[in-house]
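The sequence shown begins at 1 in UniProt numbering and counts up one residue at a time.
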Amino acid sequence: MGELFECILFTASLAKYADPVTDLLDQRRVFRTRLFRESCVFHQGCYVKDLSRLGRELSKTLILDNSPASYIFHPENAVSTPSSVFHPESTVSTPLLTPEILRLPPREYSEYPPPDPRNPPSSTQRVQ
């Protein structure tokens with residue numbers, strides 16, 4: 001995936017919880033950067049992932065998320081995914097490569113610098 005698309009982890013979880021889990025799951029370093037709760041906008045009691053703050057062209061940006069509340073600012077960019085519950089006896093896998101994603105053109109990494117996760121954007125600042 002990382003060879004074809006610029007993949008950014010954007011989660012409403014706290015870094016102290018999400019970082020260790022991501023370290024385990026992202027062994028191939030697919031995510032170019034990681035954004036956590038402090039990069040979200042708190043809006044009407046929910047943590048919203050404001051894609052406009054990424055500094056990317058929105059017409060070429062997707063968010064894959066299981067929570068519609070987290071993408072209420074950009075529903076046209078959303079691909080709704082089912083919630084994942086890991087169970088050792090489960091034989092069901094959720095396909096992440098949906099037809100919508102596979103039709104996207106590859107992204108040129110040089111087009112944008114990666115967001116700096118050490119300096120999360122404020123509610124009015126864009127990620128450069």
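Beta carbons: idealized from backbone N, C-alpha and C, even for Gly.
Mind checking which residues open and close the alpha helix (DSSP H) that includes residue i?
i, result
"T22", "15 to 25"
Report the three-state DSSP secondary structure of residue i (helix, strand or coil).
i, result
"A78", "strand"
"L4", "coil"
"L62", "coil"
"S83", "coil"
"residue 130", "Coverage of the chain is limited to positions 1 through 128, which leaves residue 130 absent and any answer about it impossible."
"R53", "helix"
So, at 7 Å on beta carbons, what are the nonlocal neighbours of residue i in its own chain, with the 5 sequence-adjacent residues on each side left out?
i, result
"Y109", "With a pLDDT of only 42 at Y109, under the threshold of 50, the placement of this residue in the model should not be trusted; the figure read from the coordinates follows. Closer than 7 Å at the Cβ level, and outside the excluded window around Y109, lie E6."
"D50", "V41, F73"
"H43", "none"
Just reading off the beta strand (DSSP E) that residue i is part of, what are its end residues?
i, result
"T33", "31 to 35"
Excluding sequence positions up to five away, which residues of its chain have a Cβ less than 8 Å from the Cβ of residue i?
i, result
"Y71", "V48, K49, L51, I63, D65, N77, A78"
Using DSSP bridges, identify the partner residues of residue i.
i, result
"C46", "H43"
"L9", "R34"
Spatial neighbours of residue i within its chain, please: CB distance less than 6 Å, with the 5 preceding and 5 following residues excluded, ordered by chain position.
i, result
"P69", "Looking at the sequence shown, residue 69 is not Pro but Ala. Once the five neighbours on either side are set aside, the close Cβ partners of A69 are C46."
Discussion item. If contact is defined by three or more beta carbon pairs under 8 Å, each pair taking one atom from either stretch, is the segment 27 to 37 in contact with the segment 56 to 64?
Written reply: Counting Cβ pairs under 8 Å, fewer than three are found: no touch.
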